[in-house]
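Residue numbers (my numbering): 337 to 659.
Positions of the beta carbon are idealized from the N, C-alpha and C atoms, including for glycine.
Below: the structure, in structure tokens.
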Amino acid sequence: MTHIPKTLDIVALGEAMVEFNQRPHAHADDAPLYLQGFGGDTSNAAIAAARAGAQVAYLTRLGQDRWGDQLMALWQRENVGTQGVLREHPAPTGMYFVSHDAQGHHFSYARAGSAASRMQPQDLTHWGDAIAHSQWLHLSGISLALSASACDTALAAMAHARRSGTRVALDSNLRLSLWPLARAQACIRHAVGLCDLFLPSMEDMTALTGLSQAADIIAWSHAQGAAQVVLKLGSDGALVSDGHVQREVAGHRVTAIDATGAGDCFAGNLLARLSAGDDLWAATAYANAAASLSVQGYGAVAPLPKPDAVLKVLNAAAKGTAA
Numbered sequence: 337m338t339h340i341p342k343t344l345d346i347v348a349l350g351e352a353m354v355e356f357n358q359r360p361h362a363h364a365d366d367a368p369l370y371l372q373g374f375g376g377d378t379s380n381a382a383i384a385a386a387r388a389g390a391q392v393a394y395l396t397r398l399g400q401d402r403w404g405d406q407l408m409a410l411w412q413r414e415n416v417g418t419q420g421v422l423r424e425h426p427a428p429t430g431m432y433f434v435s436h437d438a439q440g441h442h443f444s445y446a447r448a449g450s451a452a453s454r455m456q457p458q459d460l461t462h463w464g465d466a467i468a469h470s471q472w473l474h475l476s477g478i479s480l481a482l483s484a485s486a487c488d489t490a491l492a493a494m495a496h497a498r499r500s501g502t503r504v505a506l507d508s509n510l511r512l513s514l515w516p517l518a519r520a521q522a523c524i525r526h527a528v529g530l531c532d533l534f535l536p537s538m539e540d541m542t543a544l545t546g547l548s549q550a551a552d553i554i555a556w557s558h559a560q561g562a563a564q565v566v567l568k569l570g571s572d573g574a575l576v577s578d579g580h581v582q583r584e585v586a587g588h589r590v591t592a593i594d595a596t597g598a599g600d601c602f603a604g605n606l607l608a609r610l611s612a613g614d615d616l617w618a619a620t621a622y623a624n625a626a627a628s629l630s631v632q633g634y635g636a637v638a639p640l641p642k643p644d645a646v647l648k649v650l651n652a653a654a655k656g657t658a659a
């Protein structure tokens, strides 16, 4: 393996979309109102990492449309590098809607045939240098699920990262509306074997493996090849394993308004802190605090915190007081 200087902290690969998030209304018979924002799991994570101070770039395809222009402007405002964004006509930029009820938040997608779903392994001719010069490549189950060619592209990017000495982080992010369970099981299992850090959730892993105990999920993840595992447990924090030691890292109980993007906030802040030199336990503690802030506002991007707010939560927790 050739030593390649790392000038970026994180490159993330996947699909960014326009978001329409339902706002609360006064009466049950009122027509729903939607706040327009932006989303897409790995894009959210990239912005979260940039707000945390990391040097970040995003790899995707976007439509040659107004929504694509707005996403480009968003990344430029957020200091996320756009040199790896390929624009395509006539394929559109994807979008999704978030609705809320007593059971939580629900996603409805309008992304079939989107520009990002048309990613091809040959796109690595544009992206290979960015991946090779980054400390981390971040992907998710959604990156794999967009289409067969997108899955091939994601796996090729992971293999290129490993050859280049770039570590790979994978968030499980299972969306069975995008692909059949059997294909998700096979592709995500294969991808876990190519990652250095796996970020699963309990809900995803129970659906993928049938396992319901945290320790069993950690063991399964290591058995597939992941060197490090951070199992996300929501407000309970995370169970973290480096392959030798398992440790619970406490979460923060807050009043959640909208959990959209909380896991992406967690991933981006975790990778930012690992890139800055934190160990896995300290980085997870920071990511837990950041995610607890992100659920207290609407949308995937707007509530993503900056370091001063996260440090305030951590300092308050250390003192046993409310932030």
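Asked	Found
Residue nearest to V566 in terms of C-alpha spacing, selected from A603, A543, T545	A603
Spatial neighbours of A638 in its chain, beta-carbon cut-off 8 Å, leaving aside the 5 residues before and after	G373
Straight-line Cα distance separating K642 from A388	6 Å
V649 to Q358 span [Cα, whole Å]	28 Å
contact_flag[the segment 523-534, the segment 557-564] where n(CB pairs < 8 Å) is 3 or more	yes
Validate contact between the segment 498-513 and the segment 468-480 using beta carbons, cut 8 Å, 3 pairs	yes
At least three beta-carbon pairs within less than 8 Å, the segment 482-502 to the segment 458-466	yes
Outcome for R391 when other beta-carbon atoms lying within 10 angstroms are tallied against a minimum of 16	According to the sequence shown, residue 391 is Gln rather than Arg. Label assigned to Q391: buried.
Delimiting residues of the beta strand (DSSP E) encompassing E539	Here E539 belongs to no beta strand (DSSP E); instead the alpha helix (DSSP H) covers 538-545.
Meets three-Cβ-pair contact criterion under 8 Å: the segment 483-490 and the segment 443-459	yes
Within the segment 530-605, ranges of the alpha helix (DSSP H) (whole runs, at least 4 residues)	538-545, 550-560
Whole-angstrom C-beta distance between D507 and G599, which should lie under 8 Å	7 Å
Reference W403, options M538, E355, S476, closest by Cα	E355
Proximity of L349 and S479 at Cβ, strictly below 7 Å	yes
Short Cβ contact (7 Å threshold) for L616 with V576	yes
DSSP beta-bridge partners of D401	DSSP output for D401 lists no bridge partner at all.
Contact belief for H442 with L607 at Cβ below 8 Å, rounded distance in angstroms	So it is not a contact: roughly 28 Å between Cβ atoms.
Straight-line Cα distance separating K655 from G430	44 Å
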